[in-house]
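Single-structure report; data block below.
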Amino acid sequence: MLSVSRLLNGTATEADALRYGRRSQDLPSHLLHYSVDKKPVVVWTSTRTCNLHCAHCYTDSFDQEYPDQLTTEEALALVDDLAAFGSPVLLISGGEPLRRPDLLTVAQRANERGMRVVISTNGTLITPEKAEEIAAVGVSYVGISIDGKPATHDKFRGLKGAFEASLRGLAACRDGGIKTGLRYTFTRQNQADLPWLFDLMVEQNILRLCIYHLAPTGRGARLGKYAPSSEETRASMDYVFRRTRELAAQGFEAEVLTADNHADAGYLYLNVARNQPERIDEVQRLLEWNGGNNSGTAIGCVNYDGTVFADQFWRWRPLGNIRERPFSSVWAEDPPQLLRDLRSRAKSLPARCQSCRFLSICNGNFRSRAEAITGDLWGMDPLCYLTDAEVSCGQA
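When we follow this note's numbering, the leftmost residue of the sequence shown carries the number 7, and every step to the right adds one.
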């Protein structure tokens, strides 16, 4: 993830990260991007079952039972392995994670083992009572997906009234004292609602917004229908940067992040170079510490059935299964070839990436998206929106 607000507004500095030694287990959550050891944040897609039918769902979930879901005992063993391995965060996703009856049992175990626990949910099943339960087991953050205005959201989610249900869940978490944020996947169909989403954040006094670019997995694989053009993406990122600065100037200290398109790092660098040139050296170092795409290094995924992936979107490339070998073994002891390739990717990337001035802060962008769309692991990520002039060395 790219912490747009902290980089643009100067609320994350080199000194902050260095003070904690840049070790992932020692860093506070807002500096975790800058860790030196890159222990993996693990996304656990805890269940495939979901009460909604979202147009861009990366797991292609339905409201039904799926076979081979990890048992409670297997899920707890996964948590123990991840904690011993040093993974700093367990991000529990789905499907809809609250459809899993033992979700909070597993979340509590992760918290007791010293991991930060994050839940990514559609929010429709969160009542004030459920929010109290979530808070009681030590969940550090709940991200609730909002796709845009009520009509936009309901259309994306496949259910009339979904927006109001999600908003109630958002309020329950906020009022229950849980750090809560909005999650928004940016597409051609909902890009016009982005300003409204910032307004909603302010109106609801929600202090975090994470803007995701589209990933080509599950129902989200229909990139031709949903993916914004480069020009549309640039215009939206310009708005994100401008509105983030404006909110800070107004005293609304929201955390704004983008995810899943590492060209954002280069685009933010160019923005800072134009508007705050005195800060550019420090921002570049922080971006380099962030490192761009970390699939297979600082991000990994365990599926509801125990399958391990390099990230939550790379579902056609299984790396193993925790029922046969612990995650820590798959990841570090004898990693599969895909992990080895991703960890030494520089010379395999397309020529444009290899010569790009932003390679050290982008790392070749999303390899899973490149492979999904071009058929080539080392093809260009089609959602890179930087121009040839911008990526050329010596160009501003």
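Here a beta-carbon is modelled for each residue, glycine too, at the ideal position from N, C-alpha and C.
Counting of Cβ neighbours within 10 angstroms places V42 among the exposed residues, the total staying below 16.
Here the alpha carbon of Y147 sits roughly 37 angstroms from the alpha carbon of P356. A23 counts as buried, since at least 16 other C-beta atoms from the protein chains shown sit within 10 angstroms of its C-beta.
Counting only residues of its own chain and dropping the five nearest sequence neighbours on each side, F258 has a CB closer than 7 angstroms to the CB of V208.
Inter-segment contact for the region 319 to 336 and the region 231 to 241 is absent: fewer than three beta-carbon pairs are separated by less than 8 angstroms.
According to DSSP, A265 shares a beta bridge with Y218.
Here the alpha carbon of L14 sits roughly 7 angstroms from the alpha carbon of R251. With fewer than 16 other CB atoms across the displayed protein chains lying within 10 angstroms of its CB, Q360 is exposed. DSSP lists I98 and V148 as the beta-bridge partner residues of I125. Beta-bridge analysis with DSSP links W50 to I98 and V308. Between the alpha carbons of Y391 and V289 lies a distance of about 21 angstroms. Between the beta-carbon of N117 and that of V123 there is about 5 angstroms, and that keeps the pair under the 8 angstroms contact cut. The alpha carbon of R375 has as its nearest neighbour, out of L263, H39, W337 and H219, the alpha carbon of H219.
Going by DSSP, V314 is part of no alpha helix (DSSP H) but of the beta strand (DSSP E) stretching over T313 to F315.
Boundaries for R285: no alpha helix (DSSP H) harbours it, and the DSSP string shows neither H nor E there.
Counting only the Cα atoms, D317 lies some 23 angstroms from T186. Annotation: I212 to Q256 spans about 15 angstroms, alpha carbon to alpha carbon. Annotation for A168: L58, T130, H159 and D160 place their beta carbon closer than 7 angstroms to its own, counting only its chain and skipping 5 residues before and after.
The three-state secondary structure of N117, taken from DSSP, is helix.
Going by DSSP, G187 is part of the beta strand (DSSP E) stretching over T186 to F192.
P156 and G298 have their C-alpha atoms roughly 33 angstroms apart.
Counting C-beta atoms within 10 angstroms of its own C-beta, R105 has 16 or more neighbours from the protein chains shown and is therefore classed as buried.
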